[in-house]
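If you're matching them up, the sequences are chains A and B in order. For the first sequence, our numbering begins at 2 and goes up steadily by one. For the second sequence, our numbering begins at 402 and goes up steadily by one.
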Amino acid sequence: MTPLRASFTPPAEDALNFHIEPLGTKNVTAISLSLRKFRASATPGQMALAAAIALFLAFFLVVPVVTVVYVAFTEQGTGAFTLVNFSDFFKNDLFLRSTWNSIWVALMTVAWASAIALPLAYITTRFEFKGALIIQTLGFLPLVMPPFVGAVALQLLFGRNGSFNLLLDEYLGFKIPFMEGLWGVVFVEALHYFPFILVNLSVSLRNIDRSMEEAAQNLGCSGFRLFRRIVLPLAMPGYVAGAALVFVKVFDDLATPLLLNVKDMLAPQAYLRVTSIGIADPMGYVISVVLIVASVFAVWLSTLSLRGKDFATSQRGGGGLSRRKLKPLGSLAAYSVVTFLLLLVLAPHFGLLILSFATVWSFSPLPDSYTVAHYARVFDDSWVYIKNTLIYASLAAGIDVVVGGAIAYLVLRTKLIGRHWLDWAATASLAVPGVVIGIGYLRAFYDVTLPNGAPLATFWFVIVLALAIRRLPYALRAIFAALQQISESLEEAAENLGATKSRTMRRVLIPLMMGGMLAGFVTSFATAAVELSATLMLVQSNADAPLAYGIYVFMQSASGRGAGAALGVIAVVFVAICTYLSHVMVERSQRSRGLNQ
Amino acid sequence: MNEASVLDASSALRRKRAVGVSISGVNVSYGANHVLKDVSLEIEPGEFFAFLGPSGCGKTTLLRLIAGFNTADSGTVRIGGEDVGDLPPWKRDVGLVFQSYALWPHMTVRKNVAFGLEERRLPRAEIDKRVNIALEVVGLTHLADRRPSQLSGGQQQRVAVARTIVIEPKVLLLDEPLSNLDAKLRVQVRRELRDLQRRLGLTTIFVTHDQEEANTICDRIAVMNDGVVQQIGTPMDLYEHPANLFVAGFLGAANILTGRFVEAGGKRLFELDGGMRLHAPAHAPDGARLVFRPQHASVAPVGSGGALSGEISHREFLGSIVRYAVRVGGTDVTIDAPFVTGDNLFADGDRVDVTLPSERTLWLAE
Numbered sequence: 002m003t004p005l006r007a008s009f010t011p012p013a014e015d016a017l018n019f020h021i022e023p024l025g026t027k028n029v030t031a032i033s034l035s036l037r038k039f040r041a042s043a044t045p046g047q048m049a050l051a052a053a054i055a056l057f058l059a060f061f062l063v064v065p066v067v068t069v070v071y072v073a074f075t076e077q078g079t080g081a082f083t084l085v086n087f088s089d090f091f092k093n094d095l096f097l098r099s100t101w102n103s104i105w106v107a108l109m110t111v112a113w114a115s116a117i118a119l120p121l122a123y124i125t126t127r128f129e130f131k132g133a134l135i136i137q138t139l140g141f142l143p144l145v146m147p148p149f150v151g152a153v154a155l156q157l158l159f160g161r162n163g164s165f166n167l168l169l170d171e172y173l174g175f176k177i178p179f180m181e182g183l184w185g186v187v188f189v190e191a192l193h194y195f196p197f198i199l200v201n202l203s204v205s206l207r208n209i210d211r212s213m214e215e216a217a218q219n220l221g222c223s224g225f226r227l228f229r230r231i232v233l234p235l236a237m238p239g240y241v242a243g244a245a246l247v248f249v250k251v252f253d254d255l256a257t258p259l260l261l262n263v264k265d266m267l268a269p270q271a272y273l274r275v276t277s278i279g280i281a282d283p284m285g286y287v288i289s290v291v292l293i294v295a296s297v298f299a300v301w302l303s304t305l306s307l308r309g310k311d312f313a314t315s316q317r318g319g320g321g322l323s324r325r326k327l328k329p330l331g332s333l334a335a336y337s338v339v340t341f342l343l344l345l346v347l348a349p350h351f352g353l354l355i356l357s358f359a360t361v362w363s364f365s366p367l368p369d370s371y372t373v374a375h376y377a378r379v380f381d382d383s384w385v386y387i388k389n390t391l392i393y394a395s396l397a398a399g400i401d402v403v404v405g406g407a408i409a410y411l412v413l414r415t416k417l418i419g420r421h422w423l424d425w426a427a428t429a430s431l432a433v434p435g436v437v438i439g440i441g442y443l444r445a446f447y448d449v450t451l452p453n454g455a456p457l458a459t460f461w462f463v464i465v466l467a468l469a470i471r472r473l474p475y476a477l478r479a480i481f482a483a484l485q486q487i488s489e490s491l492e493e494a495a496e497n498l499g500a501t502k503s504r505t506m507r508r509v510l511i512p513l514m515m516g517g518m519l520a521g522f523v524t525s526f527a528t529a530a531v532e533l534s535a536t537l538m539l540v541q542s543n544a545d546a547p548l549a550y551g552i553y554v555f556m557q558s559a560s561g562r563g564a565g566a567a568l569g570v571i572a573v574v575f576v577a578i579c580t581y582l583s584h585v586m587v588e589r590s591q592r593s594r595g596l597n598q
Numbered sequence: 402m403n404e405a406s407v408l409d410a411s412s413a414l415r416r417k418r419a420v421g422v423s424i425s426g427v428n429v430s431y432g433a434n435h436v437l438k439d440v441s442l443e444i445e446p447g448e449f450f451a452f453l454g455p456s457g458c459g460k461t462t463l464l465r466l467i468a469g470f471n472t473a474d475s476g477t478v479r480i481g482g483e484d485v486g487d488l489p490p491w492k493r494d495v496g497l498v499f500q501s502y503a504l505w506p507h508m509t510v511r512k513n514v515a516f517g518l519e520e521r522r523l524p525r526a527e528i529d530k531r532v533n534i535a536l537e538v539v540g541l542t543h544l545a546d547r548r549p550s551q552l553s554g555g556q557q558q559r560v561a562v563a564r565t566i567v568i569e570p571k572v573l574l575l576d577e578p579l580s581n582l583d584a585k586l587r588v589q590v591r592r593e594l595r596d597l598q599r600r601l602g603l604t605t606i607f608v609t610h611d612q613e614e615a616n617t618i619c620d621r622i623a624v625m626n627d628g629v630v631q632q633i634g635t636p637m638d639l640y641e642h643p644a645n646l647f648v649a650g651f652l653g654a655a656n657i658l659t660g661r662f663v664e665a666g667g668k669r670l671f672e673l674d675g676g677m678r679l680h681a682p683a684h685a686p687d688g689a690r691l692v693f694r695p696q697h698a699s700v701a702p703v704g705s706g707g708a709l710s711g712e713i714s715h716r717e718f719l720g721s722i723v724r725y726a727v728r729v730g731g732t733d734v735t736i737d738a739p740f741v742t743g744d745n746l747f748a749d750g751d752r753v754d755v756t757l758p759s760e761r762t763l764w765l766a767e
């Protein structure tokens, strides 16, 4: 990394001198005053920091994406502008079908994910419901496992010859094609991504002030009309945010369709073109541009629908909607719905667990017999995957916390011109599909050679950078929120009592932000640990591969499924433990700082 | 804690000689918003000085300028004769007590108070000694190991004060320190602040929008409005001799009557908007208005020969005084009459004459 790091130190001092030198002695006071204002806007250190972040984002986010777009719009070899690649794309039946399939799958997934998330969110936030906490916690569980891992387990449970259909056939004489073609993808993705809607919607519902509802009741509104006219509109922003995220994620997902053997979707097509034909094939880039456009469109649509609707209705002493007691019949209905949904949501996990202990599981509702051999095998020769994942995910999360923290600080605590661009650029990576990052890195960094002569794109640290860029928005938002909650007067008080900017940061800001920084680290870490879209392209050898890649490789052969499942279970347990530990740490550090009282 | 030990303790914090603060020709603007306009004032060593004005008048901006959190477009700020314009906040040695107190929630009371001394790299033993003294001065020794969130509002305020005076600042700045306290505590705390300031002999600047606070504890007040210092003086001075309409209206109640000056029979007269005329002194500037305090005028039955005449539109009995609203010309003026048992009070609708001693009238312009 030495050649890269050299460019990370921007010549901030020179920039300052450049501004001062040309001015004469005549307007000395004016100069010293304008200089004073200039210095007040940001210190040289802050400017250097901003420049370093700008370079980081430019190099590892902007350049790869721009490269992809550039290649899509230019003629191979000459570099002349052309639309011929796009006309080829739209003349090709396979690509057109793939585009519609991707859109259809993403929309249907949003619909089904909503169908799962809405009842869960509503029941747990509106009624006195035992186990609400369990539901909210279990709701997160799908996220700690790559969706394609669940795909294999669901195939065994709900596939044409899966447990469910075998039993159905035996007793009722028919089968339901849950897992056939595109429906299979929708089924897997909906079960995996519904938590995004559940979490956002629950937060919105909980933030609605009780007085909003009471005012409506006072004016004669009740029952379903109350829900439709007051509760639903107020919760809408949260729902739309979650739904847009699900759309983007599904549109971008590469491994699930591949594992379910669905190839006529956009992300798999991009991957197949690049891996089978090579990185010179223009179609991979055209598909990437289409993926970017769709993602940006979804994000834009959600911001558009949210504009001016940031309902912060929680007032002093509010505390969310009033919770009602359920009547016995309603209670029964609610518990049935919740139990059914939870069983469905946890099906991939159960399936995976059983698979990891199964000897042979085929054409039977349950495996023939059980063994721990898969785990032994995994610990023997797959330890490298776990080690790599630990290294990659913690390095990426570390980078995210540092870069995210610096961006949050620059945006919220300085007047530096253009500081918002850093925030926007970092957040924009949410709308860049992993496949695009992967292709962009391959193309942009293949010609950059390392000191040992190998291309930069094949160096394992590039995987870390891709993960860091992909997860930066998560860490950034967590830290941003934490910093926003700290009153600026706490820092001013420290400066007033003699602490310099850096001392203030160390003694006041960082201790107070620790909770947010840990939360950011964990979110980045946990999601980076199961990421595959970008890494699938960038992994050059098994020795450099992370866990998700290992599972993917195992899962592709029938004989490797047991071991793949064992590795998957390890990944789930591993991420769950990390998340729990960090949760405990955040709680403890907040309690010891007296922030929870 | 006995009185003697407090005095000992505070004398231990009183080592430096008090210094003055001098502000000259200061302008501050945020974009097109001109927040401070050519502000100049001198604060004497050891003085308790107030910046008084409505919200948005620039008083807090001026205070933060002294602390180093704002930058002036032009003009200088001198503390003890030294131009501090280029010093960052951490090198200024002026203690600021924040309106929100800004106590660090992750540190105990003791850690909060020790912070400034630790930043000054004092030896541990010296820090402990001084922290104990400061906590004793504000009477919080028994709460030293609590966290700020476990203290009441009044106690938090004392921690904020202790944290600031422990560094023995050249100047003490108080930003609306009483605004987060309830009414009863406010009176008590403002006396405590006054006592503390006297004991420490510390030059202190107090920002407030509450004239009562400023009047009761400050030696001198700078009344500010719209980024401009309107008048500087002692509380009595400002009340008796306001320089303009704003000061007259902001400090205490005042009746303000508009009209124009006319010449009639070689005499200068003031014609109220309603048409009524009264004598105007030669020194009254053109464009001035007639200003008087409610207790300086009196009401009498019609025909008693007052300067003005009108009709009672409203009467409020307030115990020691009776407050009349009298309709004069087109406007209501307020007149406070002392209540004496057995007096016949005027009723709503009564025609009355208003007497106005000429030495009690003020002729003020904008």
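For every residue, glycine included, the Cβ atom is placed at its ideal position computed from N, Cα and C.
- In this structure, the straight-line span from the alpha carbon of Gly565 of chain A to that of Phe555 of chain A is close to 5 Å.
- Within the segment 510 to 529 of chain A, the residues whose Cβ lies closer than 9 Å to any Cβ of chain B are, in chain order, Pro512, Leu513 and Met515.
- In this model, Gly517 of chain B and Arg595 of chain B are separated by some 23 Å (Cα to Cα).
- Taken atom to atom, the span from the alpha-carbon of Leu50 of chain A to that of Ala407 of chain A is near 8 Å.
- Exclusion of the five residues before and after Asp424 of chain A leaves Ile408 and Val412 as the residues of its chain whose Cβ lies within less than 7 Å of its Cβ.
- The residues Asn656 and Val727, in chain order, have a CB closer than 6 Å to that of Val734 of chain B in the same chain once the five nearest residues on each side in sequence are set aside.
- Under the three-state reduction of DSSP output, Ala701 of chain B falls in the strand class.
- Around Leu652 of chain B, the same chain offers Gln612, Leu639 and Tyr640 as residues with beta carbons nearer than 6 Å, after the five sequence neighbours per side are excluded.
- The Cβ of Arg521 of chain B sits closer than 9 Å to at least one Cβ of chain A.
- Against chain B, a Cβ distance below 7 Å from Arg414 of chain A picks out nothing, because the smallest value is about 12 Å.
- As a beta-bridge residue in DSSP terms, Ile444 of chain B pairs with B:Val422.
- Annotation: Cβ neighbours of Phe499 of chain B in chain A (cutoff 8 Å, chain order): Ser490, Glu493 and Ala494.
- The contact set of Ile568 of chain B on chain A, defined by CB atoms closer than 8 Å, consists of Leu498 and Gly499 in chain order.
- Pairing Phe197 of chain A with Gly243 of chain A gives a Cβ-Cβ distance under 9 Å.
- Under DSSP, the beta-bridge partners assigned to Tyr725 of chain B are B:Arg716 and B:Ile736.
- Buried is the label assigned to Tyr550 of chain A, since at least 16 other Cβ atoms lie within 10 Å of its Cβ.
- Boundaries of the alpha helix (DSSP H) harbouring Val85 of chain A: Val85 to Lys92, taken from the DSSP string.
- Taking the Cα of Thr304 of chain A as reference, the smallest distance to any Cα among A:Ala268, A:Val263 and A:Leu246 is reached at A:Leu246.
- Residue pairing by DSSP puts Tyr371 of chain A in a beta bridge opposite A:Ala359.
- Arg504 of chain A has a beta carbon lying within less than 9 Å of a beta carbon in chain B.
- Under the 9 Å criterion on CB atoms, Phe607 of chain B is classed as non-interfacial with respect to chain A.
- Residues of the segment 466 to 490 of chain B with a C-beta atom less than 9 Å from some C-beta of chain A are Ala468, Gly469, Phe470, Asn471, Thr472, Ala473, Asp474, Ser475, Gly486, Asp487, Pro489 and Pro490, listed in chain order.
- Counting only the Cα atoms, Phe526 of chain A lies some 38 Å from Trp491 of chain B.
- With a cutoff of 9 Å on beta-carbon distance, Phe747 of chain B and Ser721 of chain B are scored as not near each other.
- For the C-beta of Phe516 of chain B, the chain A residues within less than 8 Å are, from N- to C-terminus, Ala495, Leu498, Ala500 and Arg508.
- Classified as buried, Thr126 of chain A has 16 or more neighbouring CB atoms from the shown chains inside 10 Å of its CB.
- Around Gly441 of chain A, the same chain offers Pro65, Val66, Thr68 and Val69 as residues with beta carbons nearer than 6 Å, after the five sequence neighbours per side are excluded.
- Rounded to the nearest whole angstrom, the C-alpha separation of Asp494 of chain B and Glu767 of chain B is 39 Å.
- Here the segment 164 to 181 of chain A does not lie against the segment 210 to 227 of chain A, with fewer than 3 beta-carbon pairs under 8 Å apart.
- Of all residues in the segment 423 to 439 of chain B, none comes within less than 7 Å of chain A when Cβ atoms are compared.
- The three-state secondary structure of Val294 of chain A, taken from DSSP, is helix.
- Membership of Asp170 of chain A in the alpha helix (DSSP H) is indicated by the continuous run Ser164 to Leu173.
- Ranking A:His350, A:Ser560 and A:Tyr410 by CA distance to the CA of Met146 of chain A puts A:His350 first.
- Among the residues facing chain A, Gly496 of chain B is included, as its CB has a counterpart in that chain under 9 Å away.
- As the crow flies, the alpha-carbon of Ser580 of chain B is around 27 Å from that of Asn428 of chain B.
- Secondary structure note for Ser205 of chain A: its alpha helix (DSSP H) is the uninterrupted segment Gly182 to Asn208.
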